[in-house]
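Top to bottom, those sequences are chains S and H. Counting in my numbering, the first sequence runs from 3 upward without gaps. Counting in my numbering, the second sequence runs from 3 upward without gaps. Don't be surprised by glycine CBs; every beta carbon is placed ideally from N, CA and C.
Protein chains: 2
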Amino acid sequence: MAVNPPRLPPPLPVPGFRIGVGSCGVKAPELAGTRPDVALIHALVDCHAAGVFTQNRLRAACVSLGEATLQQNGDCIRGIVANSGNANAATGSNEEGWARAMIAAAAGAIGVRSEQMLSASTGVIGEPFPIDRVEQGIGEAAACKAGWQDAAEAIRTTDTFAKWTSRRVGPYTITGIAKGSGMIHPNMATMLAFIATDAPLAQKQLQPMLRAAVERSFNAISVDGDTSTNDTVYLLASGLGLGLPPMGKTRTFEHALHEVCRELAQMIVRDGEGVSKFVTIHVTGARNESEARHVGRTIATSPLVKTAFAGSDANWGRIVAAAGNAGIDFDPRRISLRCDDVVMLERGELHPDYRDADGMAVFARDEFSITLDLGMGQAQSTVWTGDLTHDYITINAEYRT
Amino acid sequence: MAVNPPRLPPPLPVPGFRIGVGSCGVKAPELAGTRPDVALIHALVDCHAAGVFTQNRLRAACVSLGEATLQQNGDCIRGIVANSGNANAATGSNEEGWARAMIAAAAGAIGVRSEQMLSASTGVIGEPFPIDRVEQGIGEAAACKAGWQDAAEAIRTTDTFAKWTSRRVGPYTITGIAKGSGMIHPNMATMLAFIATDAPLAQKQLQPMLRAAVERSFNAISVDGDTSTNDTVYLLASGLGLGLPPMGKTRTFEHALHEVCRELAQMIVRDGEGVSKFVTIHVTGARNESEARHVGRTIATSPLVKTAFAGSDANWGRIVAAAGNAGIDFDPRRISLRCDDVVMLERGELHPDYRDADGMAVFARDEFSITLDLGMGQAQSTVWTGDLTHDYITINAEYRT
Numbered sequence: 003m004a005v006n007p008p009r010l011p012p013p014l015p016v017p018g019f020r021i022g023v024g025s026c027g028v029k030a031p032e033l034a035g036t037r038p039d040v041a042l043i044h045a046l047v048d049c050h051a052a053g054v055f056t057q058n059r060l061r062a063a064c065v066s067l068g069e070a071t072l073q074q075n076g077d078c079i080r081g082i083v084a085n086s087g088n089a090n091a092a093t094g095s096n097e098e099g100w101a102r103a104m105i106a107a108a109a110g111a112i113g114v115r116s117e118q119m120l121s122a123s124t125g126v127i128g129e130p131f132p133i134d135r136v137e138q139g140i141g142e143a144a145a146c147k148a149g150w151q152d153a154a155e156a157i158r159t160t161d162t163f164a165k166w167t168s169r170r171v172g173p174y175t176i177t178g179i180a181k182g183s184g185m186i187h188p189n190m191a192t193m194l195a196f197i198a199t200d201a202p203l204a205q206k207q208l209q210p211m212l213r214a215a216v217e218r219s220f221n222a223i224s225v226d227g228d229t230s231t232n233d234t235v236y237l238l239a240s241g242l243g244l245g246l247p248p249m250g251k252t253r254t255f256e257h258a259l260h261e262v263c264r265e266l267a268q269m270i271v272r273d274g275e276g277v278s279k280f281v282t283i284h285v286t287g288a289r290n291e292s293e294a295r296h297v298g299r300t301i302a303t304s305p306l307v308k309t310a311f312a313g314s315d316a317n318w319g320r321i322v323a324a325a326g327n328a329g330i331d332f333d334p335r336r337i338s339l340r341c342d343d344v345v346m347l348e349r350g351e352l353h354p355d356y357r358d359a360d361g362m363a364v365f366a367r368d369e370f371s372i373t374l375d376l377g378m379g380q381a382q383s384t385v386w387t388g389d390l391t392h393d394y395i396t397i398n399a400e401y402r403t
Numbered sequence: 003m004a005v006n007p008p009r010l011p012p013p014l015p016v017p018g019f020r021i022g023v024g025s026c027g028v029k030a031p032e033l034a035g036t037r038p039d040v041a042l043i044h045a046l047v048d049c050h051a052a053g054v055f056t057q058n059r060l061r062a063a064c065v066s067l068g069e070a071t072l073q074q075n076g077d078c079i080r081g082i083v084a085n086s087g088n089a090n091a092a093t094g095s096n097e098e099g100w101a102r103a104m105i106a107a108a109a110g111a112i113g114v115r116s117e118q119m120l121s122a123s124t125g126v127i128g129e130p131f132p133i134d135r136v137e138q139g140i141g142e143a144a145a146c147k148a149g150w151q152d153a154a155e156a157i158r159t160t161d162t163f164a165k166w167t168s169r170r171v172g173p174y175t176i177t178g179i180a181k182g183s184g185m186i187h188p189n190m191a192t193m194l195a196f197i198a199t200d201a202p203l204a205q206k207q208l209q210p211m212l213r214a215a216v217e218r219s220f221n222a223i224s225v226d227g228d229t230s231t232n233d234t235v236y237l238l239a240s241g242l243g244l245g246l247p248p249m250g251k252t253r254t255f256e257h258a259l260h261e262v263c264r265e266l267a268q269m270i271v272r273d274g275e276g277v278s279k280f281v282t283i284h285v286t287g288a289r290n291e292s293e294a295r296h297v298g299r300t301i302a303t304s305p306l307v308k309t310a311f312a313g314s315d316a317n318w319g320r321i322v323a324a325a326g327n328a329g330i331d332f333d334p335r336r337i338s339l340r341c342d343d344v345v346m347l348e349r350g351e352l353h354p355d356y357r358d359a360d361g362m363a364v365f366a367r368d369e370f371s372i373t374l375d376l377g378m379g380q381a382q383s384t385v386w387t388g389d390l391t392h393d394y395i396t397i398n399a400e401y402r403t
């Protein structure tokens, strides 16, 4: 089940990058050969790189290692290796060694230094990491005869469709892939996204650009309010390594990067576990964007709001009650609320023309928007979320069985 | 459905209080006479009183009025009037007038001043409050021929059983009633609790006692992480008004009050919407109690943890990942985890004797405990919660229909 999964045109290859995948049965040996579960993004030249990572205190070793690698060698990154099927998180004293071994195997397979290789893992937490099988998968992947679609397939866990998108920015290309379906409340949530471009941008330009784009995309979605231990977004730029002249004005590139991130983030919500509706929550009239986003995320994580979405119940009381829980100061007498074009509340009063049936008609759609105006200022933010359904319970009560 | 609802002995009457109920069909006129939905607690003498209220920004008018009344007349309170079926919250410019009218009707019916009357409402948010019917219900209630059980019945909404408890403290009595089933993440959550005692205690003693008891009871439970607009706990003490000599040492009384609050709070979890398991979460080894409680509440609100409970899946990885989201600094290599008496993790490592089947056997119980030791200090806290089941979705996707 997914809400209107997009029909995606093939992703564009990015100069300077080759892709490989392996199928080694990370989750269970008998799955070897059935579907790809190891992805290798091989940068043929030194890349400048940026990353944004989970805020969960229980970070997986691959996250900590990746962050350190970016700090030390963020201008000469040569690749990303990733696996699905096992997150190598909460695996105790073996965790870091396994993560290092995975990185070393990938670096060795393509002839670069371990310090130039980033890694990511996603899947079940707390189970021993099958490093032998992963190394075998990396061996397969090193042939690099695959494409971005295959890499997007390889990082899927409970995702029902593979997620990618591409943009052209003048002569340059941006291609991104992502995975994520549950434990999605990025800040970051078990989501991975890898974005590559041949734009000639340096690390110090890339990092703030990525941070800004993530705030308004991956950090503006929520499926279930749980933040994972392994969330990672990486952005690699090969342009300088390819000898292209440094990019001057970056505004158009930033805009395209933001679009790539937002599109991938929205795909994650559409494919959210059990999600049957795609809901856009606009919070306007806030004092600043951060407060607007916080109110939006609080609405997006309320189980009562999300079950009302599931039940096509235009229960606006739950929406404003959830907003009241965000810990943000606002005056209930100044708030206004609408769903799509139906005005429900205006400055704290039920709109005289509002009929429950009109709200119900909107909530019955598989995509609709909620706009809450706080009546305080000019700032706004948009958050994307889904509903909370029986399928979410079924999927997550039975995930390991 | 409720998890092992307690067989409750009848509540003890409290000297100085009379109880009345009315059945006026607050939710729908045709329900009049079918079940009580208005409760009146009539204090025959001036009571000292304390209250703890929702932290939701969107407070109902009855909450704001009650808080002001306590501040001004907390030493001469004469009653509490409450209704179920309509929360009179988010009802716009009429809200305060309706709340005041309800208070005035109750005060008039028993011959006291409006400034001595507290009120509470629970039920659907955002629908016009049927003040005429409520006034009629108050008229019935004013005869005060009922008991605490009847009042506990009258404040039920989706509760499957009425909640009360009593304690004796020396010559004194404490009796409390409560309601709450959904939108339960007290701080406070749609829960109401009214506690009466004839102990001779003054307002300035009662307020800190109630605050402390609520922290470790109503503020230590979670059903769905949603905090309501109307949550209220009131404590009324008639002893001084009855002419009893002021109580000196209050330690025994405080202990009993804490037990009353904890017992009522646990009943709310047992009766949580869709809850099929009652789970006690102990967080130990914290630097302070507040951090311990915050970690416990974060675990208790994680949908992935709660669905694992529902699925009898001893998915300890989700528990430690949820703990990592509490925003509290701890070292993953020092944490230990067990369920009931089965040790899962010890200082960050999977215990060598741990078998998944042992954990599964515990998680299959309808009541069990989780103990997470953070390995940092001596402080601890206990939080009670339930699982997240299909029934929760069914109840809340269809609440208004």
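Check your understanding: Any beta-carbon of chain H closer than 8 angstroms to the one on Asp392(S)?
Key -> Reading the first sequence from its first residue, position 390 is the one you call residue 392(S). The question names Asp, but residue 392(S) in the sequence shown is His. It does: the Cβ of His392(S) has a partner Cβ on chain H nearer than 8 angstroms.
Exercise for review: Kindly indicate which residue of Met119(H), Arg299(H) and Arg158(H) has the alpha-carbon position closest to the one of Ala108(H).
Suggested key: Here residue 108(H) refers to the residue found at position 106 of the second sequence. Of the listed residues, the one whose Cα sits closest to Ala108(H) is Met119(H).
Check your understanding: How far does the alpha helix (DSSP H) with Thr384(H) in it reach, from first residue to last?
Key -> If you number the second sequence from 1, residue 384(H) lands on position 382. Secondary structure note for Thr384(H): it is in no alpha helix (DSSP H), and the uninterrupted beta strand (DSSP E) holding it is Ala381 to Gly388.
Check your understanding: When we look at the beta-carbon of Gln268(S) and count the other beta-carbons within 10 Å, is it buried (16 or more) or exposed?
Key -> The residue you call residue 268(S) lines up with position 266 of the first sequence. Per the 10 Å Cβ criterion, buried.
Check your understanding: Using a beta-carbon distance below 8 angstroms, is Leu67(S) in contact with chain H?
Key -> Here the question's residue 67(S) lines up with position 65 in the first sequence. Judged by the 8 angstroms Cβ criterion, Leu67(S) is not in contact with chain H.
Check your understanding: Can you check whether the CB of Glu291(H) is closer than 8 angstroms to the CB of Gln382(H)?
Key -> Within the second sequence, residue 382(H) is the residue found at index 380, counting from 1. Within the second sequence, residue 291(H) is the residue found at index 289, counting from 1. Yes, they are a contact pair.
Review point. So His44(S) is in the beta strand (DSSP E); what residue range does that whole segment cover?
Key: One-based indexing of the first sequence puts residue 44(S) at position 42. Start and end: Val40 to Phe55.
Review point. Is there a Cβ from chain H that is less than 8 angstroms from the Cβ of Ser383(S)?
Key: Residue 383(S) sits at position 381 when you count from the first residue of the first sequence. Not one chain H Cβ lies under 8 angstroms of Ser383(S).
Check your understanding: With burial defined as no fewer than 16 other Cβ atoms inside 10 Å of the residue's Cβ, what is the status of His50(H): buried or exposed?
Key -> In the second sequence, counting from the first residue as 1, residue 50(H) sits at position 48. Buried is the call here.
Exercise for review: With a 10 Å radius around its C-beta and 16 neighbouring C-beta atoms as the bar for buried, classify Lys147(S) as buried or exposed.
Suggested key: As a working note, residue 147(S) is residue 145 in the first sequence. Looking at its Cβ environment, which holds fewer than 16 other Cβ atoms inside 10 Å, Lys147(S) is exposed.
Point to revise | Unbroken alpha helix (DSSP H) run spanning Cys263(S), endpoints | key: Translated into the one-based positions of the first sequence, residue 263(S) becomes position 261. Membership of Cys263(S) in the alpha helix (DSSP H) is indicated by the continuous run Arg253 to Arg272.
Check your understanding: Can you check whether the CB of Gln207(S) is closer than 8 angstroms to the CB of Thr160(S)?
Key -> Locating residue 160(S) in the first sequence gives position 158, counting from the first residue. Locating residue 207(S) in the first sequence gives position 205, counting from the first residue. No; because the gap between Cβ atoms is not below 8 angstroms, this pair is not in contact.
Review point. Closer than 8 angstroms, CB to CB, is Ser95(S) near chain A or not?
Key: The structure shown has no chain A; the protein chains it does contain are S and H.
Practice item. Would you mind giving the Cβ-Cβ distance between Asp375(S) and Gly298(S), rounded to the nearest angstrom? I have them listed as a contact below 8 angstroms. Key: Position 373 of the first sequence, counted from the start, is the residue given in the question as residue 375(S). Position 296 of the first sequence, counted from the start, is the residue given in the question as residue 298(S). Going by Cβ atoms, the distance from Asp375(S) to Gly298(S) rounds to 12 angstroms, so no, they are not a contact pair.
Review point. Could you give the uninterrupted runs of the alpha helix (DSSP H) lying entirely in the segment 270 to 309 of chain H, keeping only those of 4 residues or more?
Key: Within the segment 270 to 309 of chain H, the complete alpha helix (DSSP H) runs of at least 4 residues are 291 to 303.
Practice item. Please name the residues in the segment 116 to 130 of chain S whose beta-carbon is closer than 9 angstroms to at least one beta-carbon of chain H, in chain order. Key: Within the segment 116 to 130 of chain S, the qualifying residues are Val126, Ile127, Gly128, Glu129 and Pro130.
Review point. Can you find a C-beta in chain S that's less than 8 angstroms from the C-beta of Glu293(H)?
Key: Position 291 of the second sequence, counting from 1, holds the residue named residue 293(H). Glu293(H) does not count as touching chain S.
Check your understanding: Enumerated in chain order, which unbroken segments of the alpha helix (DSSP H) with a length of 4 residues or greater are wholly contained in the segment 87 to 172 of chain H?
Key -> Segments of the alpha helix (DSSP H) lying fully in the segment 87 to 172 of chain H: 97 to 112, 133 to 143 and 150 to 156.
Review point. Would Val28(S) pass as a contact of Ser121(S) if the rule is Cβ separation under 8 angstroms?
Key: The count along the first sequence starts at 1 and reaches residue 28(S) at position 26. The count along the first sequence starts at 1 and reaches residue 121(S) at position 119. Contact check for Val28(S) against Ser121(S) fails: the beta carbons are separated by 8 angstroms or more.
Review point. Is Gly149(S) close to chain H, meaning its C-beta is less than 8 angstroms from at least one C-beta of that chain?
Key: What you label residue 149(S) is simply residue 147 of the first sequence in a count that begins at 1. With 8 angstroms as the cut-off, Gly149(S) does not count as an interface residue toward chain H.
**Study point:** Opening and closing residue of the alpha helix (DSSP H) in which Ile321(H) lies
**Key:** Residue numbering aside, residue 321(H) sits at position 319 when the second sequence is read from its first letter. Following the DSSP letters along the chain, one finds Ile321(H) inside the alpha helix (DSSP H) bounded by residues Trp318 to Gly326.
Point to revise | Reduced DSSP category for Thr396(H) - H, G, I as helix; E, B as strand; rest coil | key: Residue mapping note: residue 396(H) aligns to position 394 of the second sequence, counting from 1. DSSP, reduced to helix, strand and coil, places Thr396(H) within a helical segment of the structure shown.
Review point. Is the Cβ-Cβ distance between Ile179(H) and Leu237(H) less than 8 angstroms?
Key: The residue given as residue 179(H) occupies position 177 in the second sequence. The residue given as residue 237(H) occupies position 235 in the second sequence. For the 8 angstroms CB-CB criterion, Ile179(H) and Leu237(H) do not form a contact.
**Study point:** For Arg213(S), three-class secondary structure by DSSP
**Key:** What you label residue 213(S) is simply residue 211 of the first sequence in a count that begins at 1. Three-state result, Arg213(S): helix.
Practice item. Using three-state DSSP, classify Phe370(S) as helix, strand or coil. Key: In the first sequence, residue 370(S) corresponds to position 368, counting from 1. If DSSP states are grouped into helix, strand and coil, Phe370(S) belongs with the strands.
Exercise for review: Please classify Asn189(S): does DSSP put it in a helix, a strand, or coil?
Suggested key: In the first sequence, counting from the first residue as 1, residue 189(S) sits at position 187. Only weak support is given to the placement of Asn189(S): the predicted model assigns it a pLDDT of 38, under 50, and the value that follows is read from those uncertain coordinates. Residue state, collapsed to three classes: coil.
**Study point:** 7 angstroms Cβ shell around Ala153(S) - same chain, five flanking residues per side excluded
**Key:** Counted from its first residue, the first sequence places residue 153(S) at position 151. Within the same chain, and ignoring the five residues on either side of Ala153(S) in sequence, the residues whose Cβ sits closer than 7 angstroms to its Cβ are Ile21, Val23, Ala41, Ile43 and Ile179.
Review point. Between the C-alpha atoms of Arg59(H) and Asp333(S), what's the straight-line distance to the nearest angstrom?
Key: The residue given as residue 59(H) occupies position 57 in the second sequence. The residue given as residue 333(S) occupies position 331 in the first sequence. Rounded to whole angstroms, Arg59(H) to Asp333(S) spans 8 angstroms at the Cα level.
Review point. Relative to the C-alpha of Val5(S), which residue among Thr282(S), Ala316(S), Ile79(S) and Thr93(S) is closest?
Key: Mapped onto the first sequence, residue 5(S) falls at position 3. Closest option to Val5(S), Cα to Cα, is Thr282(S).
Exercise for review: Under the assumption that Arg320(H) contacts Ser338(H) (Cβ atoms under 8 angstroms), give the Cβ distance between them as a whole number of angstroms.
Suggested key: If you number the second sequence from 1, residue 320(H) lands on position 318. If you number the second sequence from 1, residue 338(H) lands on position 336. Not a contact, Cβ separation roughly 17 angstroms.
Review point. Who are Asn85(H)'s beta bridge partners in DSSP?
Key: Here residue 85(H) refers to the residue found at position 83 when the second sequence is read from its first residue. Bridge partners of Asn85(H): Val40(H) and Ser123(H).
**Study point:** Buried or exposed (CB count within 10 angstroms, at least 16 for buried), Gln74(S)
**Key:** Reading the first sequence from its first residue, position 72 is the one you call residue 74(S). The C-beta of Gln74(S) has fewer than 16 other C-beta atoms within 10 Å across all chains shown, which makes the residue exposed.
Exercise for review: Mark Arg61(S) as exposed unless 16 or more other C-beta atoms lie within 10 angstroms of its C-beta, in which case mark it buried.
Suggested key: Along the first sequence, one-based indexing puts residue 61(S) at 59. Burial call: buried.
Practice item. Using a Cβ cut-off of 8 angstroms (strictly closer), state whether Leu306(S) contacts chain H. Key: The residue labelled residue 306(S) in the question sits at position 304 within the first sequence. At a cut-off of 8 angstroms between beta-carbon atoms, Leu306(S) makes contact with chain H.
Check your understanding: Leaving out five residues before and five after Met190(S) in sequence, what residues of the same chain have Cβ atoms less than 8 angstroms from its Cβ?
Key -> On the first sequence, residue 190(S) is found 188 positions in, with the first residue counted as 1. A caution first: Met190(S) carries a pLDDT of 34, below 50, which makes its placement in the model unreliable, though a value can still be read off. Counting only residues of its own chain and dropping the five nearest sequence neighbours on each side, Met190(S) has a CB closer than 8 angstroms to the CB of Val54, Phe55, Thr56, Gln57, Val216, Phe220, Asn221, Thr229, Ser230, Asp233, Thr234 and Val235.
Practice item. Give, in chain order, every residue of the segment 324 to 345 of chain H whose Cβ lies closer than 8 angstroms to some Cβ of chain S. Key: Of all residues in the segment 324 to 345 of chain H, Ala324, Ala325, Gly326, Asn327, Ala328, Gly329, Ile330, Asp331, Phe332, Pro334 and Arg335 have a Cβ within less than 8 angstroms of some Cβ in chain S.
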